[in-house]
Amino acid sequence: MKKLKLLLKTVLILFIIACVLFFGFRSYLFSDDVQFTKSITEQLQSKKVMIVFAHPDDESYTTELLLDAEKEGIETALLTFTPGDAGTQMPQVCQQQFLGDVRKAEVYKSGYMLGIDYQKVFDYGDGTLKDQSLPLLIDDIEKELEEFKPDLIVTFWPESGMTMHPDHMTIGKATQQAFATYQKNNSKYNAKLAYTIMPSKVVSMLGGDEMNKLQPEANISIKAKAAVKVTLWDIHASQNQFVKDYTGLPAWLIYRLINREYYFIEDIAEAKR
Ligand SMILES: [Zn+2]
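Counted the way the working numbering counts, the sequence shown spans residues 4 to 276.
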């Protein structure tokens, strides 16, 4: 009986220590100076959202925004510019030569979970976007914008690309330029361009102080459900360990510590509240 009491006491103390560490670390990482909103699409009164990314699994950055849109009956689209064929398998699930096909399937499944209405995966080589003709990429994006007519477009910040990946940076740059033309020709939509941003404290924690100098602070955030992101990485089976490899912490923990999505949206002050 005495032993049981001691065991319970120890478990309780360990639990309290774990809670203090967890909530302390979470509040340290929390960017409380960034405007918080229940739903970005609701705040902006968006009617159609298009996400423009480079790889299958990049949509992990925007799960909550997409699910909010789905809940609000807003049409969504996801463009993925490479099939992710040059990725490192974590863990290995197929022969490397088939990785592009496997990851294409993974992003379609992930898109289905997120309720995405229109999806397209381009066949540009993974890791080659910066060597592609920029006007060609811009043209591809412009065509998709003209076809889908979104009023909210989400992409990477061109100078930092969320992880300094050159494909992300190139796609951010191409989208920015395609957006400028689209907006000029479709001013009635009052379209907005949003960038997915890793908050500066998290960037610093990952040792990327240099990256902080290259990107703006996020200016809007939404709460993001960890379970959805963990499920997304289960769907992306060939990349399942990516988060752990990149951050040193398992996905279920990192998404509970950083339970927000952060964005920088130009002209957000004009947003209707
Ligand atoms: Zn990527």
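Each residue gets a CB set at the ideal place from its N, CA and C atoms; glycine is no exception.
query                                                                                                                                                      : result
Keeping to the same chain, check which residues put their C-beta closer than 7 Å to that of M214; ignore five residues upstream and five downstream.       : S163, M167 and V206
Mind checking whether H171 and F182 have CB atoms under 7 Å apart?                                                                                         : no
Are P153 and M53 close, meaning C-beta to C-beta below 7 Å?                                                                                                : yes
Can you tell me the Cα-Cα spacing of V157 and L196, whole angstroms?                                                                                       : 6 Å
Shorter than 6 Å, the distance from the beta carbon of A254 to the closest heavy atom of ligand 1, or not?                                                 : no
Could you tell me how far apart the beta carbons of T79 and D120 are, in whole angstroms, since I believe they sit closer than 8 Å?                        : 6 Å
V96 to I238, Cα distance in whole Å?                                                                                                                       : 12 Å
Along the beta strand (DSSP E) that carries M53, what are the first and last residues, could you check?                                                    : K51 to F56
Would you kindly work out how many angstroms separate the C-alpha atoms of F151 and D71, rounded to a whole number?                                        : 19 Å
For V14, report the span of its alpha helix (DSSP H) as first-last.                                                                                        : K5 to L32
Consider the C-beta atom of A57 and the heavy atoms of ligand 1; say whether any pair is separated by less than 6 Å.                                       : yes
Could you pull out every residue in the same chain whose Cβ sits closer than 8 Å to the Cβ of L260, ignoring the five residues on either side in sequence? : F25, F28, R29, L32 and L252
Just to confirm, does D61 get its C-beta within under 6 Å of one of the non-hydrogen atoms of ligand 1?                                                    : yes
Between the C-alpha atoms of T44 and L68, what's the straight-line distance to the nearest angstrom?                                                       : 7 Å
Nearest to D126 by alpha carbon, out of F56, Y64, T65 and Q218?                                                                                            : F56
Can you look up K191 in the DSSP assignment and give me helix, strand or coil?                                                                             : helix
So the alpha helix (DSSP H) Q46 belongs to, where does it begin and stop?                                                                                  : I43 to L47
Quick check: S63 and K232, are their CB atoms within less than 7 Å of each other?                                                                          : yes
Could you tell me the alpha carbon to alpha carbon distance between E273 and K41, rounded to whole angstroms?                                              : For E273, the pLDDT reaches just 44, beneath the cut-off of 50, and the residue's location in the model is therefore unreliable, leaving the point undetermined.
Can you say whether E109 is buried or exposed, counting buried as having 16 or more other CB atoms within 10 angstroms of its CB?                          : buried
Could you have a look at T40 and say whether DSSP puts it in helix, strand or coil?                                                                        : coil
Less than 8 Å between the CB atoms is what I'm expecting for S113 and L235, so what's the real figure, rounded?                                            : 5 Å
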